[in-house]
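**Q**
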Amino acid sequence: MLSETIHCDVAGNKVLLSAVPHLFRPTLTTTLLTEHLQRADIENRTVLDLGCGIGPIAIGLAMAGAAHVYATDIMPQACEVAAANARLNHVADRISVLSGNLFEPVRGLTFDLIVDDVSGVAEDVARLSSWFPPGVPSGGEDGTRHTVEIVRQAREYLKPQGCLLFPVLSLSRRSRILEVAREVYGDRLTLVTSKRIPFNPKLKDNIRRLEELRSAGLIEFEQIRSRPFWTLEIYRADAI
Ligand SMILES: C[S@@+](CC[C@H](N)C(=O)[O-])C[C@H]1O[C@@H](n2cnc3c(N)ncnc32)[C@H](O)[C@@H]1O
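Per the working numbering, the sequence shown starts with residue 3, numbered consecutively.
(1) Using CA coordinates, which residue listed in 106, 140, 32, 118 is at the minimum distance from residue 238?
(2) What are the start and end residues of the beta strand (DSSP E) that includes residue 20?
(3) Buried or exposed for residue 193, going by 16 or more other Cβ atoms inside 10 Å?
(4) Considering only heavy atoms of ligand 1, does any lie closer than 7 angstroms to the CB of residue 53?
(5) Would you say residue 27 touches ligand 1, meaning its beta carbon is less than 7 angstroms from a heavy atom?
(6) Do you know offhand how far residue 71's Cα is from residue 231's?
(7) For residue 171, which residues from the same chain have a beta carbon less than 6 angstroms from its beta carbon, with the 5 sequence-adjacent residues on both sides left out?
(8) Under 7 angstroms from any heavy atom of ligand 1, does the C-beta of residue 78 make it?
(9) Counting only the same chain and skipping the five closest in sequence on each side, list residues whose C-beta sits under 8 angstroms from that of residue 7.
(10) Using a Cβ-Cβ cut-off of 6 angstroms (strictly less than) and excluding sequence neighbours within five positions of residue 46, which residues of its own chain qualify?
(11) Evaluate residue 92 with the Cβ neighbour count: other Cβ atoms within 10 Å of its Cβ, from every protein chain shown; 16 or more gives buried, anything less gives exposed.
(12) Just to confirm, are residue 115 and residue 107 a CB contact at a threshold of 8 angstroms?
(13) Between the stretch 124-133 and the stretch 203-215, can you find at least three pairs of beta-carbon atoms closer than 8 angstroms?
(14) Let me know the secondary structure DSSP gives residue 62 once reduced to three states.
(15) Under 7 angstroms: does the beta carbon of residue 104 sit that close to some heavy atom of ligand 1?
(16) If distances are taken between C-alpha atoms only, which option among 149, 190, 213 comes closest to residue 242?
(17) State the DSSP-derived secondary structure class of residue 135, mapped to helix, strand or coil.
(18) Going by the beta-carbon positions, is the gap between residue 13 and residue 29 smaller than 8 angstroms?
(19) Exposed or buried, what is residue 25 when buried is set at 16 or more other beta-carbons lying within 10 Å of its beta-carbon?
(20) Return the CA-CA distance between residue 183 and residue 198, expressed in angstroms with no decimal places.
(21) Tell me, please, which residues DSSP counts as bridged to residue 239.
(22) Any chance the CB of residue 59 is under 7 angstroms from a heavy atom of ligand 1?
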């Protein structure tokens, strides 16, 4: 397997990663999800990295002092690479990498912190943007399939003072995710950070198709002085 070594910033740590072409590579979402976390949110905590890919979040949080990190992904190949990357960064003794669908590999466990980074963009965007290699599952037609399920199930997996962090991309049906999150967590749901991001060249090349998806209500984006932007938000939901 042809691999390449890349770096990624997670929770103030530089994570070294062996990346392979057919698996998802860290993006701005990876970094933004954990950027605001304080030491006290991580140190000695039990963490779940849901949709770990090649492992950047799990490894960065283990480097930041988590007691133990469970890292899960539906793709067994991603799990193999994540485990190898944990060894590369000398934190393999504090990371368990498990393959399976959403929470299924950690049934019965509870966590201080759950970081969800399972695919959350609409299928067409996943394929047009170049972010998702062909075999990596997307978030379904409107991008909400996994995030809605995770938001609903996470409360069973949180310790009493625990919290869930999850991204909401406007390149999905954002309103649907927020409707469910407000229904489940009420005022325990807070917006942590929000970033407006210009379209990359691949998105720009496919602007007509993206306009159709917007007209169908599957995604949202805005145009400022004819430049298209999408929005990335990070939400925190505190245990009920
Ligand atoms: C957006 S990538 C994020 C990967 C990694 N966290 C990162 O920052 O590079 C989403 C990951 O979710 C995984 N995934 C997709 N559907 C899943 C599911 N039903 N259960 C668990 N993981 C899933 C994909 O295989 C992919 O590795």
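Every residue gets a Cβ at the ideal spot worked out from N, C-alpha and C, and that includes glycine. Remember, it's a predicted structure, so these values are computed and weren't measured experimentally.
**A** This is what the structure holds:
(1) 118
(2) 15-21
(3) exposed
(4) yes
(5) yes
(6) 34 angstroms
(7) 122, 123, 234
(8) no
(9) 18, 19, 20, 21
(10) 69
(11) exposed
(12) no
(13) yes
(14) helix
(15) yes
(16) 190
(17) coil
(18) no
(19) buried
(20) 21 angstroms
(21) 166, 191
(22) yes
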